[in-house]
Amino acid sequence: MSNTQSLLTIEELYASVEEKQIIKGLNLDVKPGEVHAIMGPNGAGKSTLGYVLSGRDGYSVESGSAVLDGQDLLEMETEDRARAGLFLAFQYPVEIPGVSNLEFLKASVDAQREARGEEAITSAEFLKEAKAACKQVNLPVSFLKRGVNEGFSGGEKKRNELMQMLLLKPKLCILDETDSGLDIDALQVVAEGVNSQRSADRSFIVVTHYQRLLDYIKPDFVHVLSDGKIVKSGDASLALELEAQGYAWLQKEPAEDELEG
Amino acid sequence: MTEQIDKALAREYEAGFVSDVESETFEPGLNEDVIRRISVMKGEPEWMLEWRLSAFREWLEMEEPEWALVDYPKVDFQAISYYSAPKSMKDKPKSLDEVDPELLRTYEKLGIPLIEQQMLAGIAVDAVFDSVSVVTTFREKLEEAGVIFCPISEAVHKYPDLVKKYLGSVVPKKDNYYAALNCAVFTDGSFVYIPKGTRCPMELSTYFRINEQNTGQFERTLIVADEGSHVSYLEGCTAPQRDENQLHAAVVELVAMDNAEIKYSTVQNWYPGDENGKGGIYNFVTKRGICHTSAKISWTQVETGSSVTWKYPSCVLKGDNSVGEFYSVALTRGRQQADTGTKMIHLGKNTKSTIITKGISAGRSNNSYRGLVRMNPGAQGARNFTQCDSLLIGDQCGAHTFPYVESRNPSAIIEHEATTSKVSDEQMYLCRQRGLDPEKAVSMIVNGFCKEVFKELPMEFAVEAGKLLEISLEGSVG
Chain H
1 MSNTQSLLTI EELYASVEEK QIIKGLNLDV KPGEVHAIMG PNGAGKSTLG
51 YVLSGRDGYS VESGSAVLDG QDLLEMETED RARAGLFLAF QYPVEIPGVS
101 NLEFLKASVD AQREARGEEA ITSAEFLKEA KAACKQVNLP VSFLKRGVNE
151 GFSGGEKKRN ELMQMLLLKP KLCILDETDS GLDIDALQVV AEGVNSQRSA
201 DRSFIVVTHY QRLLDYIKPD FVHVLSDGKI VKSGDASLAL ELEAQGYAWL
251 QKEPAEDELE G
Chain R
1 MTEQIDKALA REYEAGFVSD VESETFEPGL NEDVIRRISV MKGEPEWMLE
51 WRLSAFREWL EMEEPEWALV DYPKVDFQAI SYYSAPKSMK DKPKSLDEVD
101 PELLRTYEKL GIPLIEQQML AGIAVDAVFD SVSVVTTFRE KLEEAGVIFC
151 PISEAVHKYP DLVKKYLGSV VPKKDNYYAA LNCAVFTDGS FVYIPKGTRC
201 PMELSTYFRI NEQNTGQFER TLIVADEGSH VSYLEGCTAP QRDENQLHAA
251 VVELVAMDNA EIKYSTVQNW YPGDENGKGG IYNFVTKRGI CHTSAKISWT
301 QVETGSSVTW KYPSCVLKGD NSVGEFYSVA LTRGRQQADT GTKMIHLGKN
351 TKSTIITKGI SAGRSNNSYR GLVRMNPGAQ GARNFTQCDS LLIGDQCGAH
401 TFPYVESRNP SAIIEHEATT SKVSDEQMYL CRQRGLDPEK AVSMIVNGFC
451 KEVFKELPME FAVEAGKLLE ISLEGSVG
């Protein structure tokens, strides 16, 4: 491995929700520009990992550490983690009735700019960027005026999440089962959006149950999460192996000594 | 999370300062002599005094209403002073230059500069301080258009025929307990007359300020829009932060003649009392308008203040094809209690009414919508649409809906929709994950909830209303 500094380093992370331990000693190292896929059976803790890293209320860290770009994530407020460059694309984005997408997005962008000591973006400039982002994710511009996720279809919600990502330009994007509920066309749009954002200073953690998404978003690494920890890591071929064999063979024989790349 | 939301809503009451103004204030107490003295202070004609006294006698026979879902220690009407006016107002200043600068400063601090050059163009203001009107701006400009906009105490002298004809014509003297009290002791408020076919060239606005301790404010407003005329009127109110409760019992009457339109907007921000319910204004208000043929009255209110609110701006849709609207946002927090709503009384054919209310309850407050839709036998083809939405913040507050529907005409159509929702953890999480702090997140969610009502407000007031809910609308496009 090169001596590039890690963007995200998770060490021996234990976390629980409602007093039930879900993450049980997880280690992960993500370098700038890398795409890591996290796969695993239902209930393995895939979504929980995103919630814990982003600081969702009710998810408590028992021990371990998570460092993003030199900052101790676990000590930070939810909004500060976002401002530090962590973005989570939700599996089930919630509606905020009456708050227009544009208003919401501009407030988010401005909050993040302010945290970086930058001036608020002008409305005209933002509108231009937002329209371009709409186009890129194949959403009509009229969606900017609609309430956040209000009455959006499943696919529209996912594309809306992606649009937010395009505008917020995070360092680390966690895509939480972004492929669930998408037809193949929508899947391709989402994948193209993600691929267009891949760059040397942006990393992705793609959480998914199915290999399908990884046909379009080629991961550098694939990890299998089972019972709260990574039991196997490999390259993109591991995903194909999982597709063919399922997860059962990994659960039977947890490979204790497997460490991620 | 609830704690954060509560914190976000726990705004400072910025209007809570006291102005250092020397006032002439009556001793507390209420009897016929006090009413005679008020009448003398106002230099009123005999008929006005008689009107007051007859209302007072009615009031003595009446019982304080107890049906509202509010709980507060009974008001001791003998412990209140019924008249207080800055001494400097005694000589009736002829122009702004003669007005006590401290009074002007008070309004400036509240964001209402009374010097015309500094004002928002297009808004004329009547500033009422305790029991007197301090100044009414842009009067000459309005007079050019034939519009009368002056303190009601002045209208009693200058336009006695109009006042006699319409005062008490919409809200009769013995309509209810507080209305009767108001008739007996009202001190000031605004009078508006828009002549036939005239579109009022400016927004009219009255700003009510209670300053003196232990006084009640009894505002009286009368707006008459003659045939085919149009007016938009705004009302704002604030009071100092005091430990004692103070009474504000207003009566507002609107008369919309054939084809006339009145838009009446209120941003009510009386001192709400502290976290434990100490102090604050009792806001017991009767507001009602009458619509003649094809006339329209639209009430929009944003209620964020007062410790107890009892208020039902209503429309009597007397003329055929007339329209009544009621848009309301009521926010209660701490120990605030609000029982507010509307009455739409359909008398004429093809009359239409729309009611849209947004109640937001936080802290340990109680927020009730109480509304009546009545279709009288003559209301052939009448329609009503009602939508009542409640937003709960935390688990110690209450939201209640009391819709009363009386239909005596089978052709009338009445629709009622109601929802109750919460600011959810998921919404907060989404906002914070995008980098918004919890305060901004709450105000944004609440703002979104209120959007349907805010868009009914004149622009200047929409901004003020947004600020009241700690919402920065800055940078919102579209």
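Order-wise, the sequence lines are chains H and R.
Reading the first sequence from the start, the letters are residues 1 to 261 in full-length UniProt numbering.
Reading the second sequence from the start, the letters are residues 1 to 478 in full-length UniProt numbering.
Glycine residues also receive a C-beta, built at the ideal position from the N, C-alpha and C atoms.
So what's residue 422 of chain R in DSSP terms, helix, strand or just coil? strand
Hey, how far is the Cα of residue 288 of chain R from the Cα of residue 74 of chain H? Each residue's CA atom was taken as its position, placing residue 288 of chain R and residue 74 of chain H some 57 Å apart.
Is it buried or exposed, residue 246 of chain R, if we count other Cβ atoms within 10 angstroms and call 16 or more buried? buried
Consider the Cβ of residue 133 of chain H: report whether some Cβ of chain R lies at a distance smaller than 8 Å. no
Measuring only the C-alpha atoms, how far is residue 321 of chain R from residue 193 of chain H? Straight through space, the alpha carbons of residue 193 of chain H and residue 321 of chain R are spaced by roughly 54 Å.
Check whether the Cβ atoms of residue 211 of chain H and residue 243 of chain H sit closer than 8 Å, and answer yes or no. yes
Nearest to residue 138 of chain R by CA position, among R/149, R/129, R/128, is which residue? R/149
Just the chain R side, please: which residues come within less than 9 Å of residue 168 of chain H by C-beta, in chain order? 434, 435
Under 8 Å between C-beta atoms, does residue 284 of chain H make it to chain R? Because residue 284 of chain H is not part of the residues shown, which for chain H are 1 to 261, the question remains open.
If contacts are defined as beta-carbon pairs under 8 Å, then residue 222 of chain R and residue 166 of chain R qualify, I think. What distance do you get, rounded to the angstrom? 6 Å
With 16 other CB atoms within 10 Å as the buried threshold, where does residue 307 of chain R fall? buried
Members of the region 438 to 463 of chain R that neighbour chain H once the beta carbon cut-off is set at 8 Å: 438, 440, 444, 445, 447, 448, 449, 450, 451, 452
Mind pulling the beta strand (DSSP E) runs of 3 or more residues that sit fully within the region 10 to 79 of chain H? 20 to 30, 35 to 39, 59 to 68
Rounding to the nearest angstrom, what Cα-Cα distance links residue 211 of chain R and residue 57 of chain R in this structure? About 29 Å.
Beta-carbon separation (whole angstroms), residue 132 of chain R vs residue 85 of chain R, contact threshold 8 Å: 4 Å
So what's residue 299 of chain R in DSSP terms, helix, strand or just coil? strand
Thinking C-alpha only, which one of H/110, H/188, H/81 is nearest residue 51 of chain H? Ranking the options by Cα distance to residue 51 of chain H, first place goes to H/81.
Closer than 8 Å by beta-carbon distance: list the chain R residues that pair up with residue 98 of chain H, in chain order. Neighbours of residue 98 of chain H on chain R, chain order: 447, 448, 449, 450, 451, 452.
Quickly, what does DSSP pair residue 86 of chain R with across the bridge? List them, please. Its beta-bridge partners are R/23.
Proximal residues, the region 134 to 163 of chain R versus chain H, C-beta separation under 9 Å: none
If we count Cβ pairs, one from each stretch, closer than 8 Å, do we get three or more for the region 216 to 225 of chain H versus the region 25 to 43 of chain H? yes
What is the DSSP secondary structure of residue 72 of chain R, counted as helix, strand or coil? Taken through DSSP and simplified to helix, strand or coil, residue 72 of chain R comes out as coil.
Residue 360 of chain R to residue 327 of chain R, Cα distance in whole Å? Going by the C-alpha atoms only, they are around 14 Å apart.
Residue environment, residue 353 of chain R, which counts as buried when at least 16 other CB atoms sit within 10 Å: buried
Can the beta-carbon of residue 356 of chain R be found less than 8 Å from the beta-carbon of residue 383 of chain R? no
To the nearest angstrom, how far is it from the Cα of residue 476 of chain R to the Cα of residue 145 of chain H? Bear in mind that the predicted position of residue 476 of chain R carries a pLDDT of just 22, short of 50, making it unreliable; the figure below should be weighed with that in mind. Distance between the alpha carbons of residue 476 of chain R and residue 145 of chain H is about 11 Å.
Alpha carbon to alpha carbon, how far is residue 177 of chain R from residue 171 of chain R? Give it in angstroms, no decimals. 12 Å
Can you give me the C-alpha to C-alpha distance between residue 163 of chain R and residue 200 of chain R, rounded to a whole angstrom? Going from the Cα of residue 163 of chain R to the Cα of residue 200 of chain R covers about 20 Å.
Tell me the DSSP bridge mates of residue 261 of chain R? R/230, R/296
Under 8 Å Cβ-Cβ, which residues of chain H neighbour residue 424 of chain R? 94
How would you write the range of the alpha helix (DSSP H) that residue 245 of chain R sits in, first residue to last? Counting along the chain, residue 245 of chain R falls outside any alpha helix (DSSP H), though it belongs to the beta strand (DSSP E) covering 245 to 248.
I'd like the list of long-range same chain contacts for residue 258 of chain H, defined as Cβ closer than 8 Å, with 5 residues on each side in sequence excluded. In this predicted model, residue 258 of chain H has a pLDDT of only 47, less than 50, meaning its place in the structure is not dependable; the value taken from the coordinates is given anyway. The answer, listed in chain order, is 230, 231, 232, 233.
From the DSSP secondary-structure annotation, give me the bridge partner or partners of residue 232 of chain H. Listed as beta-bridge partners of residue 232 of chain H by DSSP are H/224.
What whole-angstrom Cβ distance do residue 58 of chain H and residue 17 of chain H have, given they're in contact under 8 Å? 6 Å
Indicate the three-state DSSP secondary structure (helix, strand or coil) for residue 119 of chain H in the structure shown. Note: residue 119 of chain H maps to coil in three-state DSSP.
Assign residue 364 of chain R to one of three DSSP states: helix, strand, or coil. In the structure shown, residue 364 of chain R sits in coil (DSSP, three-state: anything other than H, G, I, E or B).
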